[in-house]
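Peer 1:
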Amino acid sequence: MNCPRCQAALTKKYYKGMMEVEYCPLCRGMWLDFHELDRLEDVVFDQDHYKGSLIHREAPVLFVCPACESQLLEFQYRLYDLKLEVCPQKHGFWLEAGEDEHVLSLMRRRAGEIRRKTEAESEWKKMLKGLHTFFSQEM
Ligand SMILES: [Zn+2]
Ligand SMILES: [Zn+2]
Numbered sequence: 244m245n246c247p248r249c250q251a252a253l254t255k256k257y258y259k260g261m262m263e264v265e266y267c268p269l270c271r272g273m274w275l276d277f278h279e280l281d282r283l284e285d286v287v288f289d290q291d292h293y294k295g296s297l298i299h300r301e302a303p304v305l306f307v308c309p310a311c312e313s314q315l316l317e318f319q320y321r322l323y324d325l326k327l328e329v330c331p332q333k334h335g336f337w338l339e340a341g342e343d344e345h346v347l348s349l350m351r352r353r354a355g356e357i358r359r360k361t362e363a364e365s366e367w368k369k370m371l372k373g374l375h376t377f378f379s380q381e382m
């Protein structure tokens, strides 16, 4: 497979000790198989139902999928300020240099938000329970 951006031959790279990805030695971009983006996110946040939907506002770009040569679609990643490319045939995702770390930091932030939200909810429930006990004792 060749890099969609600079056409250099992609080489296999063992990524973070968890999966093999196709990596461009020239522009340091990275091709992830379709399920591998999810595995990357799961490094820091594995609660899929809290992640929100993945693909927003797709638009075709000029470079093509290294697997099938379909035109890749650029999309807004989970409504964050990050654009990634996806193959319309679901072969995978293209991440430019550094975008993998960007995904990880966004997921880390999301995990923190959810944790705070869950804690706030359980505090609230405890308080309601406390009130309930208080009023039942009064009566
Ligand atoms: Zn490249
Ligand atoms: Zn493809």
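Going by this note's numbering, 275 is the number at position 32 of the sequence shown; the sequence numbering is gapless.
Beta carbons: idealized from backbone N, C-alpha and C, even for Gly.
#1: Is F336 helix, strand or coil by DSSP?
#2: Alpha carbon to alpha carbon, how far is T254 from H345?
#3: Could you name the residues of the same chain whose beta carbon sits closer than 6 Å to that of Y293, not counting the 5 residues immediately before and after it, in chain order?
#4: What number of angstroms, rounded off, separates the C-alpha of Y320 from the C-alpha of E364?
#5: Mind checking E284: buried by the 16 CB within 10 Å criterion, or exposed?
#6: How far does the beta strand (DSSP E) with D276 in it reach, from first residue to last?
#7: From the DSSP secondary-structure annotation, give me the bridge partner or partners of Q380.
#8: Do G373 and ligand 1 come close, with the Cβ less than 8 Å from some heavy atom?
#9: Please report the distance separating the alpha-carbon of R353 from that of L327.
#10: Roughly how many whole angstroms lie between the Cα atoms of H334 and R359?
#11: What are the start and end residues of the beta strand (DSSP E) that includes E265?
#12: With contact counted as at least three CB pairs below 8 Å, one residue from each stretch, are the segment 271–288 and the segment 334–343 in contact?
#13: If I follow the unbroken beta strand (DSSP E) through R300, where does it start and stop?
#14: Taking a cut-off of 6 Å, which residues have a beta-carbon closer than that to any heavy atom of ligand 2, in chain order?
Peer 2: Reading off the structure:
#1: strand
#2: 22 Å
#3: I357
#4: 27 Å
#5: buried
#6: M273 to D276
#7: Answer is none; Q380 lacks a bridge partner.
#8: no
#9: 18 Å
#10: 35 Å
#11: M262 to Y266
#12: yes
#13: I298 to V307
#14: C308, A310, C311, S313, C330, Q332 and H334
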